[in-house]
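Taken in order, these protein sequences are the chains called A and B. Note that our numbering has the first sequence beginning at 3, numbered continuously upward. Note that our numbering has the second sequence beginning at 699, numbered continuously upward. Just so it is clear, CB atoms sit at the ideal spot from N, CA and C, and this is done for glycine as well. Remember, it's a predicted structure, so these values are computed and weren't measured experimentally. This report concerns only the one structure given below.
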Amino acid sequence: MKPVVEVKNLCVKYPASNSLILQDVSFRMEEKSLAMVIGPNGAGKTTLLKAILGFLSPLRGDITIMGKKPQEAREYMSYVPQRFQLDRSFPITVKEFLLLSFPALDSPHWHTIISHVEIGSLLGLPLGNLSGGELQRVLVARAMLKKPRLLLLDEPVSGIDLEGKKNFYELVNHMKTAHGISIIMVSHQLDVVLKFADRVICLNRCLLCDGSPEEIMNQATFRELFGKESILYGHRI
Amino acid sequence: MEIGGILTLPFMQKALLGGAVSAFLLALYGVFVILKRLSFFGDGIAHASLAGIAIGVVLGINPLWLALLTAVIFTSGIYFLERKTTIPTDAIIGLIFTFGMALGILIISLKRGYQPELVSFLFGNILSLSWEDILATVILGTLVIFFLLAFRRSITLIILDREEAYLQGLKVEILEFFFYIFLAVTIVLGLKLLGIVLVSAILIIPPITAKLFSRSFRKLLISSLLIGEATVIGGLFISYLVDAPSGAVIVLVGSAIFAGVLLITSLQKRSIRL
């Protein structure tokens, strides 16, 4: 399979900081697969996504998205951030918000996504009135409307209840299998990681482990990082 | 004099035409300005343009053109300082604001005696509007409206979600630069009518009034435009009838509309809670 993302010796540093947030991170990810990025807080997970998206320039190393530099591959990518910085007083309806990114209203693709993400009843509501879970579904719909080849999700279920989380992960899995989208998802939920991921990338400023869920479960670094939790979930797969 | 009679006065015709175009520009641009939290920018650029007005007065050239030039230069300065330094935006605007004012005061001191042109730019004066000013307002105003309408979706997306705008392939930095430049042009075009001290009020009052009751972006834009036009045209008529400075009366009319809408929306919310 062709690699959709190839990261080589990636080093990233924020301008105001002296220390590296990511150091010599290398991995490749195949098309139509789901890669989960895991690691403790401050491990550089969001930084990795932002570097792939082209929001941050690497200090050293290379990133290619389908053979192109991130800045040249913007059209292929969609992103759902961990926390959407929404000014809740901004008077805009959900429909107007989606039309900013996807003006082709009433196309078959529009209807498919809206019904699949179940936001049809929300379209006329002000965006600022939505709950955390509803807003997250709207952001996923917006990301999907673009028909991305690569979807990046940064802890997309934070603020969503248990039932919502289950539905969300099933939706993500459906996007991969039915629409052939490659997905990179940052998550803290090991049970989900091990159930849905094709590949797991363990990060703690550098690459600790990388492989299929079965492979990484047996790696000492993974067990050190997640302790008892890794043993618990290791029995489930 | 009756309203029909007022409309036959040439200076009033110029004031109404210039006022209607300026109100449209300021109230439309104001929607994006308040959502981007750039209200202080309007005030800063209006005051900094005093440097250009002063040069125009001293050299005997229409101050509007030099005010436009200095506003564009100062705006470019704000834009680049914002990106190339870590100084907060409000501090940069404060720096440019006071620099332009100080430069203007120094230059105007070179010309002795009372300067009616300067006073009309400071506080607004409908009598001072020339056909050259009206023509400049209509031509440049059309350009500004074209820019805003053509890039309305892109500008809104940049304000709401810069990262998504980037992923949509928009030239975010170029659009932001032109957003700033056209904002400066809009403010300068309103100077003669409203004055340096008061012009930013029409940039802010119509959209914040409309925001009190708008639930959609479309409604916000239309309501802001209607409130802007009602404020400026209503203010012009009242200022003529009571023989008071136009800029001040226009701002007071706008403030009264804001207070009225605030009262009504507050009462409505209260009755819903009860």
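- If you look at P105 of chain A, you'll find it isn't in any beta strand (DSSP E); DSSP assigns it neither H nor E.
- Along the region 10 to 50 of chain A, the alpha helix (DSSP H) does not occur as any fully enclosed run of 4 or more residues.
- In chain order, A749 place their CB closer than 7 Å to the CB of L801 of chain B, counting only its own chain and leaving out the 5 sequence neighbours on each side.
- One thing to note: L891 of chain B has its Cβ within 8 Å of the Cβ of I824 of chain B.
- Boundaries for S747 of chain B: no beta strand (DSSP E) harbours it, and the DSSP string shows neither H nor E there.
- The beta-carbon of Y81 of chain A is placed less than 8 Å from the nearest beta-carbon of chain B.
- Around R913 of chain B, the beta-carbon contacts reaching into chain A at under 8 Å are P93, T95 and P128.
- Under a criterion of Cβ atoms nearer than 9 Å, the residues of chain B adjacent to R76 of chain A are, in order, Y864, L865, Q866 and G867.
- Rounded to the nearest angstrom, the gap between the Cα atoms of F86 of chain A and S160 of chain A is 11 Å.
- Listed in chain order, the non-local C-beta contacts of H745 of chain B below 7 Å within the same chain comprise F795, G798, M799 and I894, local neighbours out to five positions each way being set aside.
- Here A789 of chain B is exposed. Its C-beta has fewer than 16 other C-beta atoms within 10 Å.
- Using a CB distance below 8 Å, no part of the region 155 to 167 of chain A faces chain B.
- Under the three-state reduction of DSSP, E120 of chain A is assigned to coil, being neither helix nor strand.
- Cα atoms of S737 of chain B and G134 of chain A: separation of roughly 29 Å, rounded to the nearest angstrom.
- Neighbours of E861 of chain B across chain A, judged by C-beta separation under 8 Å: L55, F57, Y81 and P83.
- E98 of chain A reaches chain B at T854, S914, F915 and R916, counting residues in chain order whose Cβ is nearer than 9 Å.
- Counting the other Cβ atoms within 10 Å of the Cβ of T49 of chain A gives 16 or more, which makes it buried.
- Excluding the 5 residues flanking it on each side, L22 of chain A has same chain C-beta neighbours closer than 6 Å at C13 and K15, in chain order.
- In the three-state reduction of the DSSP assignment, T66 of chain A falls in the strand class, which pools E and B.
- Rounded to the nearest whole angstrom, the C-alpha separation of L707 of chain B and G716 of chain B is 14 Å.
- Taking 8 Å as the threshold, the shortest C-beta distance from L102 of chain A to chain B falls below it.
- If you keep only unbroken alpha helix (DSSP H) runs of at least 4 residues inside the region 765 to 816 of chain B, you get 787 to 806.
- Secondary structure of E157 of chain A (DSSP, three-state): coil.
- Think of a sphere of 9 Å around the beta carbon of L736 of chain B: no beta carbon from chain A falls inside it, the nearest being about 13 Å out.
- Under the three-state reduction of DSSP, S184 of chain A is assigned to strand.
- Counting C-beta pairs closer than 8 Å gives fewer than three between the region 108 to 117 of chain A and the region 4 to 11 of chain A, which falls short of the contact rule.
- Beyond the five residues adjoining it in sequence on each side, S818 of chain B comes within less than 7 Å, by CB distance, of S826 and K890 in the same chain, given in chain order.
- When rounded, the separation of the alpha-carbon atoms in A769 of chain B and D89 of chain A is 29 Å.
- For R85 of chain A, there is no enclosing beta strand (DSSP E), as DSSP marks it with neither H nor E.
- In this structure I806 of chain B touches L816 of chain B by the C-beta definition: roughly 6 Å separates them, less than 8 Å.
- A residue is called buried when at least 16 other Cβ atoms come within 10 angstroms of its Cβ; V940 of chain B does not meet this threshold and is exposed.
- The alpha helix (DSSP H) runs of length 4 or more contained entirely in the region 881 to 907 of chain B are, from start to end of the chain, 889 to 892.
- In the three-state DSSP reduction, I203 of chain A falls in the strand class (E or B).
- Interface with chain A (8 Å Cβ-Cβ cutoff): L726 of chain B is excluded.
- Taking a contact to require three or more Cβ pairs closer than 8 Å, the region 50 to 59 of chain A and the region 149 to 159 of chain A qualify as touching.
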